[in-house]
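In the numbering used here, the protein residues as written are 614 to 844.
Note that the Cβ used here is the ideal one computed from N, Cα and C, for glycine as well.
Being a predicted model, the structure only gives us computed values, none of them experimental.
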Amino acid sequence: MEEGPAGLLAAEGLVLPEPVRSGPAVEYPATTVVGPVEAQAARTPQAPALVLADGGVVTYRELNASANRLARALARRGARPGAVVGLTPAGRPEEQLTAVLAVAKSGAAWLSLDPADPPGRRDWLRAENELVCVLGEGAPGAPGGLDTTGELDTDPPRALTPQHLLSVGYGPGGRPAAVRLTHAEADRRVRELQAAHPLGPGDRVLQLRLPHWGFLWPLRTGAAVVLAGGG
């Protein structure tokens, strides 16, 4: 990871498997990935959370509130701990990140869906994971967005534990076994990254090809996510 002008950390192409350890493994208390993001939003509500391609800024308060309203709308569709929500690509990167955070806040896990998949594969993925709804664009049955009018913008209640799933993933083609990532595992990996590459308020991280849950690393530390151009 390279540091450029104005403290911009370029995360393009950064792979997040297992950070290199030079000593004994550190044991981190298990937690969910959303609690630290919500705590950061409460500490620094006016700080920039997202820097958009056009130079606009979304504050932590604004991002958290938008994700909260969407999470509550998703909950009305059945999103909860133990459930799975399908995600297709959104029109803009900030919409995609808000959707990822909203699904996690609802307690459900997300499954990324490729609109280019043949109908048979899409149908199998939906049935295999018993999707409660699909959010995004480009796939049959996926609304461009849920109506969040009237939804509260406060952090939603949820009976979520670190052992609940955060995401479900599959390789391309065929019917490979699913890769299931829990909150505890994702949280451990981002904390190891933070230990190796400390981030904090004032830092900006250019995110291009990280896995969805990788965006939660800078957001739990008070850094800003710099988003590349629209989808």
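Give a yes or no on whether the C-beta atoms belonging to residue i and residue j are separated by under 8 angstroms.
i: LEU726; j: LEU700; result: yes
i: LEU759; j: THR711; result: no
i: VAL745; j: ARG690; result: yes
i: THR672; j: ALA662; result: yes
i: VAL697; j: ALA722; result: yes
i: LEU665; j: GLU708; result: no
Restricting to Cα atoms, I'd like to know which of the options is closest to residue i.
i: ASP768; options: LYS718, GLU640, GLU805; result: LYS718
i: PRO814; options: VAL838, ALA680, LEU794, LEU724; result: VAL838
i: LEU856; options: VAL639, VAL781, GLY835; result: Residue 856 cannot be examined here, being either before or after the span of the chain that is shown, 614 to 844.
i: SER780; options: ALA643, LEU724, GLU764, ALA660; result: LEU724
i: PRO694; options: HIS796, LEU773, VAL716, GLU708; result: LEU773
i: GLY749; options: ARG771, ARG705, GLN653; result: ARG705
i: PRO852; options: GLU741, ALA729, LEU778; result: One cannot answer for residue 852 here, as it falls past the ends of the chain, which runs 614 to 844.
i: PHE702; options: VAL747, VAL639, ARG656; result: It should be pointed out that residue 702 corresponds to Pro in this sequence rather than to Phe. The candidate whose alpha carbon is nearest that of PRO702 is VAL747.
i: ALA643; options: HIS777, PHE828, PRO789; result: HIS777
i: ASN681; options: PRO658, GLY669, PRO789, GLU764; result: GLU764
i: ASP766; options: VAL670, GLY668, ARG739, ALA655; result: ALA655
i: PRO789; options: GLY827, LEU738, TYR641, GLU743; result: LEU738
Kindly list the residues whose CB is nearer than 6 angstroms to the CB of residue i, restricted to its own chain and excluding five residues on each side of it in sequence; keep chain order.
i: HIS825; result: VAL713
i: GLY782; result: VAL792
i: ALA619; result: Note that ALA619 scores a pLDDT of 39, beneath 50, so its modelled location is shaky and nothing firm can be said.
i: GLY720; result: ARG693, PRO694, ARG771, LEU773
i: TYR641; result: ARG801, ARG804
Got a sec? Which residues, its chain only, sit under 7 angstroms from residue i by beta carbon, not counting five neighbours each side?
i: SER679; result: THR711
i: THR657; result: TYR673, PRO814, GLY835
If you drop the 5 nearest sequence neighbours on each side, which residues of the same chain put their C-beta closer than 8 angstroms to that of residue i?
i: VAL633; result: Caution applies to VAL633, whose pLDDT of 45 falls short of 50 and renders its modelled position unreliable; the value that the coordinates give is listed next. These residues qualify, in order along the chain: ALA809.
i: ALA660; result: THR672, TYR673, PRO814, GLY835, ALA837
i: GLY844; result: At GLY844, the pLDDT of 43 sits below 50, so the modelled position is not reliable; the number obtained from the coordinates is stated separately. Excluding residues within five positions, the ones whose Cβ falls inside 8 angstroms are PRO702, ALA703, GLY704, ARG705, PRO706, GLN709.
i: GLY733; result: none
Report, in whole angstroms, the separation of the C-beta atoms of residue i and residue j, which I expect to be a contact under 8 angstroms.
i: PRO775; j: THR795; result: 7 angstroms
i: ARG771; j: GLN653; result: Not quite, the Cβ-Cβ distance comes to about 18 angstroms (not below 8 angstroms), so this is no contact.
The segment 791 to 802 / the segment 642 to 660 touching (three or more Cβ pairs under 8 angstroms): Yes: the two stretches touch, three or more of their Cβ pairs being nearer than 8 angstroms.
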